[in-house]
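Numbering (the working numbering), first residue to last: 6 to 124.
Below is one structure, written out as structure tokens; the observations come after it.
Quick look at the structure:
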């Protein structure tokens with residue numbers, strides 16, 4: 006029997022239960038309260054940190070920084086630092102991040118259809 010351990014999936018699980026692994030992998034890289042919204046916000050153009058913070062007005066600076074770092078580590082966003090004073094930082098989607106946009110768009114449509122204020 007394949008197992009998921011504290012360090013992730015064992016190789017047997019990845020090989021034998023590829024469908025389940027795919028769902029769990031996607032869920033894992035998107036885990037975090039704000040990651041979906043950050044990706045959605047970046048889908049049309051690159052954004053500065055201050056723009057993202059203003060858009061997500063209720064998020065703490067620490068939480069936003071953590072979410073952005075995790076998205077960057079997972080290869081979903083690019084972080085570009087411009088050598089200016091003060092430093093300017095812009096975030097944009099990578100090609101891997103762009104691959105998730107259709108999923109996020111479907112989530113948006115599902116929410117519109119079945120959310121609290123659906124007609």
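Note that CB positions come from ideal geometry on N, CA and C, so glycine has one too.
Computed from a predicted model, the values in this text were never measured in an experiment.
Assignment of residue 65 by DSSP, reduced to helix, strand and coil, places it in the coil class. In the three-state DSSP reduction, residue 74 falls in the helix class (H, G or I). For residue 51, there is no enclosing alpha helix (DSSP H), as DSSP gives it neither H nor E. Between residue 67 and the set 78, 54, 79, the nearest pair of CA atoms involves 54. In this structure, the straight-line span from the alpha carbon of residue 49 to that of residue 97 is close to 9 Å.
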